[in-house]
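**Student:**
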Amino acid sequence: MPNLISRTLSALVALGILIATVYFFAEKGTYALIAFASVRCSYELARMVFKAHYPKFATYAFVLINFATFLLITLEPTKNFAMFFVLLSFVASVVVGILFHKKFRDLETIFDYVSQSAFGTIYTAIIPAVVSWLVYSQQGMNWFYCLLAVIFAGDIGAYLFGVTMGKTKVAPELSPKKSLQGAIGGLLFSTLAAYAFSYVLTDVSLPMLLACGFFGGLLGQIGDFFESLIKRVSGVKDSGTIMPGHGGVLDRLDGVLLASPLFYFAANYHSLWS
């Protein structure tokens with residue numbers, strides 16, 4: 088019960104911050120929140136994955152490189168050089184590994200750092216950049232709300248169905264509490280959330296929105312399992328402690344990150360199927 092109360096209070100505070108930011112600052116405020124989330128997710132991921140295997144400066148170098156990558160990609164108006172900046176971030180990770188090679192245990196550790204940094208850049212810098220692109224798409228804020236509604240409604244549905252009916256475990260070695268019944272409930276709630284947005288995104292066909300709800304919810308659940316895998320391998324319970332009852336920002340946004348490319352594609356190319 089205390090955990091449920093702390094989860095609820097944390098969620099209400101986060102929701103209040105989001106609503107206030109959007110109301111007073113619109114897209115620019117939302118962009119700032121996404122930038123903060125990118126930095127925080129980078130830091131939490133680095134703390135989990137790098138842990139004691141790399142020198143402490145490696146974590147801060149990773150966060151700095153990711154933040155620079157996020158800014159360069161999102162502030163480049165035509166997106167023509169997006170891939171160039173992605174490659175540049177990879178080169179930066181290599182440079183850090185080579186310049187400070189004496190601080191690492193061995194050469195294999197340097198290679199691990201570079202490869203894990205490349206993955207981390209995609210996960211916590213490039214994908215958040217896609218979320219910011221979504222915000223600045225046509226009706227972008229409505230699509231952004233739809234993305235959040237689909238993922239968070241899926242979380243609620245999975246929790247309610249899992250607590251009341253959950254008997255068949257899906258992947259107990261990754262996440263012991265997740266059940267097949269919870270997964271079905273999550274997909275149902277995600278699809279219903281997308282249906283509700285058919286009254287907001289009136290120029291988008293209902294089948295397209297329902298597909299976004301179902302597959303977005305599915306990707307959100309896969310994101311949860313992926314985050315659970317990272318935590319299991321890293322030997323940690325949560326990615327952070329910034330949100331009492333939830334853990335870290337990455338714990339809360341893992342599903343949003345994985346589903347966002349689908350919503351960006353739908354927001355910009357839905358007319359092809361209308």
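In terms of the working numbering, the sequence shown opens at residue 88 and continues consecutively.
Note that CB positions come from ideal geometry on N, CA and C, so glycine has one too.
#1: How many Å lie between residue 257 and residue 143 at the Cα?
#2: In angstroms with no decimal places, state the Cα-to-Cα distance between residue 272 and residue 217.
#3: Nearest-angstrom Cα distance between residue 339 and residue 300?
#4: Find out if the Cβ-Cβ distance for the pair residue 266, residue 244 is shorter than 8 Å.
#5: Can you have a look at residue 156 and say buried or exposed, based on whether 16 or more other CB atoms are within 10 angstroms of its CB?
#6: Would you give the residue range spanned by the alpha helix (DSSP H) that residue 143 belongs to?
#7: May I ask you to report which of helix, strand or coil DSSP gives residue 266?
#8: Which residue marks the beginning of the alpha helix (DSSP H) containing residue 314, and which one marks its end?
#9: With DSSP as the reference, label residue 182 as helix, strand or coil.
#10: With a threshold of 16 other CB atoms inside 10 Å of the CB of residue 289, please say whether the residue is buried or exposed.
#11: Would you report the Cα separation of residue 180 and residue 303, rounded to the nearest angstrom?
#12: Residue 135 and residue 326: beta carbons closer than 8 Å?
#13: Under a Cβ-count criterion, where at least 16 other Cβ atoms within 10 Å of its own Cβ denotes burial, should residue 215 be classed as buried or exposed?
#14: By the three-class DSSP mapping on this structure, what secondary structure does residue 334 have?
#15: Can you name the start and end residues of the alpha helix (DSSP H) that residue 214 belongs to?
#16: Who are residue 256's beta bridge partners in DSSP?
#17: So the candidates are 277, 321 and 219; which of them puts its Cα closest to the Cα of residue 64?
#18: On a CA-only basis, which of 224, 137 and 322 is nearest residue 201? Give me that one, please.
#19: Let me confirm a value: residue 322 is counted as buried when at least 16 other C-beta atoms fall within 10 Å, else exposed. Which label applies?
**Tutor:** Answer, in terms of the structure:
#1: Indexing the sequence shown from 1 puts residue 257 at position 170. Indexing the sequence shown from 1 puts residue 143 at position 56. Cα to Cα, residue 257 sits roughly 36 Å from residue 143.
#2: Taking the sequence shown and counting its residues from 1, the one referred to as residue 272 is at position 185. Taking the sequence shown and counting its residues from 1, the one referred to as residue 217 is at position 130. For residue 272 and residue 217, the distance between alpha carbons rounds to 28 Å.
#3: Indexing the sequence shown from 1 puts residue 339 at position 252. Indexing the sequence shown from 1 puts residue 300 at position 213. Cα to Cα, residue 339 sits roughly 18 Å from residue 300.
#4: The residue you call residue 266 lines up with position 179 of the sequence shown. The residue you call residue 244 lines up with position 157 of the sequence shown. Going by C-beta atoms, residue 266 is not nearer than 8 Å to residue 244.
#5: Position 69 of the sequence shown holds residue 156. Buried.
#6: Taking the first residue of the sequence shown as position 1, residue 143 is located at position 56. Taken as a continuous stretch (DSSP letters only), the alpha helix (DSSP H) holding residue 143 covers 143-162.
#7: Mapped onto the sequence shown, residue 266 falls at position 179. Residue 266 falls in the strand class under three-state DSSP.
#8: Locating residue 314 in the sequence shown gives position 227, where the first residue counts as 1. Note, residue 314: alpha helix (DSSP H), 293-321.
#9: As a working mapping, residue 182 is identified with position 95 in the sequence shown. In this structure, residue 182 counts as helix in the three-state DSSP scheme.
#10: Counted from its first residue, the sequence shown places residue 289 at position 202. The residue is exposed, with fewer than 16 neighbouring Cβ atoms inside 10 Å.
#11: In the sequence shown, the residue the question calls residue 180 occupies position 93. In the sequence shown, the residue the question calls residue 303 occupies position 216. Cα to Cα, residue 180 sits roughly 31 Å from residue 303.
#12: For this step, residue 135 is matched to residue 48 along the sequence shown. For this step, residue 326 is matched to residue 239 along the sequence shown. The answer is yes: Cβ separation under 8 Å.
#13: As a first step, residue 215 must be located in the sequence shown, where it is residue number 128. Residue 215 is buried by the Cβ-count criterion.
#14: Here residue 334 refers to the residue found at position 247 when the sequence shown is read from its first residue. Note: residue 334 maps to strand in three-state DSSP.
#15: As a working mapping, residue 214 is identified with position 127 in the sequence shown. That run of the alpha helix (DSSP H) goes 214-222.
#16: If you number the sequence shown from 1, residue 256 lands on position 169. In DSSP, residue 256 forms a bridge with 266.
#17: No answer is possible for residue 64: the residues shown for the chain start at 88 and end at 361.
#18: Reading the sequence shown from its first residue, position 114 is the one you call residue 201. Comparing Cα positions, the closest option is 137.
#19: Translated into positions along the sequence shown, residue 322 becomes position 235. Label assigned to residue 322: exposed.
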